[in-house]
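Trainee:
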Amino acid sequence: MQITDVRLRKKLNPENRTKAVASVTFDNEFVVHDIRLIERQDGAYIIAMPHKKTPNGDTKDVAHPINGETREKIQKAILEAYEAPEAEENSESEE
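Under the working numbering, the residue at position 83 of the sequence shown is numbered 459, and the numbers go up by one with no gaps.
1) Starting from the Cα of I423, find the closest Cα among Y458, T380 and D403 and give me that residue.
2) Just verifying my parser: in three-state terms, what is the DSSP assignment at R447?
3) For P461 and K386, I'd like the C-alpha separation in whole angstroms.
4) What's the gap between the Cα of L384 and the Cα of N404?
5) Tell me the DSSP bridge mates of H427?
6) Classify I442: buried if its beta carbon has 16 or more other beta carbons within 10 angstroms, exposed otherwise.
7) In its own chain, which residues sit with a C-beta less than 6 Å from the C-beta of H409, not counting the 5 before and 5 after it?
8) Which class does L388 belong to by DSSP, given the choice of helix, strand or coil?
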């Protein structure tokens with residue numbers, strides 16, 4: 377399965393740890409929306425898969441990679457899109 381498209385909505389509030397929200401397309405056939413790019417306290421970036429709250433208040437991923445290699449591939453593609461100069465065009469401000 378190949379990543380064929382990554383679309384970002386950058387968050388411009390520097391105080392927010394979520395730096396962007398991504399939609400990732402696989403094989404031009406399947407898309408996963410609302411993958412968050414989060415900046416950790418040490419400055420590194422991680423991704424958080426889309427999730428929902430359960431009735432007891434916990435959260436459960438709606439979609440997620442089955443192994444670390446796939447998670448790393450998705451994270452790398454999102455980070456490359458985030459660092460690309462043209463990603464600035466899809467920014468949104470937070471109020």
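Note that beta-carbon positions come from the ideal geometry of N, C-alpha and C, so glycine has one too.
Mentor: Based on what the coordinates show:
1) What you label residue 423 is simply residue 47 of the sequence shown in a count that begins at 1. Measuring from the Cα of I423, the nearest candidate turns out to be Y458.
2) Taking the sequence shown and counting its residues from 1, the one referred to as residue 447 is at position 71. R447 falls in the helix class under three-state DSSP.
3) Working through the sequence shown from its first residue, we reach residue 461 at position 85. Working through the sequence shown from its first residue, we reach residue 386 at position 10. Rounded to whole angstroms, P461 to K386 spans 12 Å at the Cα level.
4) Numbered from its first residue, the sequence shown carries residue 384 at position 8. Numbered from its first residue, the sequence shown carries residue 404 at position 28. Distance between the alpha carbons of L384 and N404: 17 Å.
5) Counted from its first residue, the sequence shown places residue 427 at position 51. Answer by DSSP bridge pairing, in chain order: D437.
6) Here residue 442 corresponds to residue number 66 of the sequence shown, with the count starting at 1. Exposed, since its Cβ has fewer than 16 Cβ neighbours within 10 Å.
7) For the purposes of this step, residue 409 is taken as the residue at position 33 of the sequence shown. Result list for H409: S399, in chain order.
8) Residue mapping note: residue 388 aligns to position 12 of the sequence shown, counting from 1. Correct three-state label for L388: coil.
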